[in-house]
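Numbering (the UniProt record's numbering), first residue to last: 1 to 153. Ideal placement from N, C-alpha and C gives every residue a C-beta, glycine not left out.
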């Protein structure tokens, strides 16, 4: 797959929707503010649907991994925890708690849906997105735990 088409696909999948979303949110802020409480739930449902779209057709492959699936999950957990550690290292740059929390979650999160969408539109075998799906599940487990720990302090 040529680099130009990869850049075009990523632009269409990531950049264009982001620019449109930010533009609409800026132009119609009052309208979107009225529905703020619904966005997290809608976003979570869409995220789970994307995850199921990758995991569902590959369930047999994932089960066939056997113990290797635990190795993938362990690697995903390590990557996630390293992200949290890197995010926490922002304490060396700032003492502002809100900034540290922002760094923590920004650095620790990897966007699974971009990988899944890229695999879908590129025509690559869907199994390629399986490690990203493992990471998404790990991230969905660890993020609320991290948020609860941060809320206590």
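Out of 143, 38, 140 and 131, which one is the CA nearest neighbour of residue 70?
To locate residue 70, count along the chain shown from 1; it is residue 70. Selected option, being the one with the closest Cα: 131.
Cβ neighbour criterion (16 or more within 10 Å) applied to residue 50:
Working through the chain shown from its first residue, we reach residue 50 at position 50. That one is buried.
When the Cα of residue 88 is compared with those of 116, 103, 12 and 76, which residue comes out closest?
In the chain shown, residue 88 corresponds to position 88, counting from 1. If we check each option's Cα against that of residue 88, 103 comes out closest.
Residue 134 and residue 110 look like a contact to me (Cβ under 8 angstroms); what is the Cβ gap, rounded to whole Å?
Reading the chain shown from its first residue, position 134 is the one you call residue 134. Reading the chain shown from its first residue, position 110 is the one you call residue 110. That belief does not hold up - the Cβ atoms of residue 134 and residue 110 are roughly 11 angstroms apart, past 8 angstroms.
Hey, could you find the ends of the alpha helix (DSSP H) residue 13 is sitting in?
Here residue 13 is taken as the residue at index 13 of the chain shown, counted from 1. Note, residue 13: premise wrong, no alpha helix (DSSP H); not H, not E.
Complete runs of the beta strand (DSSP E) confined to the stretch 70 to 113 [at least 3 residues]
none
So, at 6 angstroms on beta carbons, what are the nonlocal neighbours of residue 19 in its own chain, with the 5 sequence-adjacent residues on each side left out?
On the chain shown, position 19 is the one that residue 19 refers to. Closer than 6 angstroms at the Cβ level, and outside the excluded window around residue 19, lies no residue.
C-alpha gap between residue 154 and residue 6, whole angstroms:
Absent from the structure is residue 154, since the part of the chain shown begins at 1 and ends at 153.
Nearest residue (CA-CA) to residue 151, options 120, 141, 97 and 122
As a working note, residue 151 is residue 151 in the chain shown. For the residues 120, 141, 97 and 122, the minimum Cα distance to residue 151 belongs to 97.
Helix, strand or coil: how does DSSP classify residue 118 here?
Position 118 of the chain shown, counting from 1, holds the residue named residue 118. DSSP places residue 118 in helix when its eight states are reduced to three.
Can you round the beta-carbon distance between residue 108 and residue 100 to whole angstroms, since I take them to be within the 8 angstroms contact cut?
For the purposes of this step, residue 108 is taken as residue 108 along the chain shown, with counting starting at 1. For the purposes of this step, residue 100 is taken as residue 100 along the chain shown, with counting starting at 1. Rounded, the Cβ-Cβ distance is 12 angstroms, inconsistent with contact.
Determine the burial state of residue 138: buried for a count of at least 16 other Cβ atoms within 10 Å of its Cβ, exposed for fewer.
For the purposes of this step, residue 138 is taken as residue 138 along the chain shown, with counting starting at 1. Under this definition residue 138 is a buried residue.
Residue nearest to residue 11 in terms of C-alpha spacing, selected from 126, 142, 117 and 153:
Counting from 1 along the chain shown, the entry for residue 11 is found at position 11. Per the Cα distances, 117.
Buried or exposed: which applies to residue 83, given that a residue is buried once 16 or more other Cβ atoms fall within 10 Å of its Cβ?
On the chain shown, residue 83 is found 83 positions in, with the first residue counted as 1. Answer is buried; the Cβ neighbour count reaches 16.
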